[in-house]
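Below is one structure; the comments refer to it alone.
In our numbering, the protein residues as written are -12 to 61.
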């Protein structure tokens, strides 16, 4: 959706046909989304790492588990 001054990226949590959660080009940590968020939540990604998974790297080379609800101060 957009680049954000306070984070790497802001957008909506989506889920692909393989069951991966993502936001824009970034894969999101599955467990973190399941425990704290809902599909369709608008979030801001604070930081990203290289995706360590060989299975999903080709589709999502960057991954994050450091994200929060958009406009929430943490």
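Backbone N, C-alpha and C fix where the C-beta goes; we use that ideal spot for every residue, glycine too.
Taking only three categories from DSSP, how would you classify residue i?
i	result
residue 18	helix
Excluding the five sequence neighbours on either side, which residues of its own chain have a C-beta within less than 8 Å of the C-beta of residue i, listed in chain order?
i	result
residue 55	30, 31, 33 and 61
Taking all protein chains shown into account, do 16 or more other C-beta atoms lie within 10 angstroms of the C-beta of residue i, making it buried, or fewer, making it exposed?
i	result
residue 50	buried
residue 15	buried
residue -6	buried
residue 17	exposed
For residue i, which residues in the same chain have their Cβ closer than 6 Å to its Cβ, ignoring the five residues on either side in sequence?
i	result
residue 58	none
Just to check my reading of the structure: residue i and residue j have Cβ atoms closer than 8 Å, yes? What is that Cβ distance to the nearest angstrom?
i	j	result
residue 11	residue 27	Contact flag wrong, Cβ pair sits at about 14 Å.
residue 13	residue 47	7 Å
Using a C-beta cutoff of 9 Å, does residue i count as contacting chain B?
i	result
residue 16	Included in the structure is just one protein chain, with no chain B present.
Along the chain, where does the beta strand (DSSP E) containing residue i start, and where does it finish?
i	result
residue 34	29 to 37
residue 56	49 to 56
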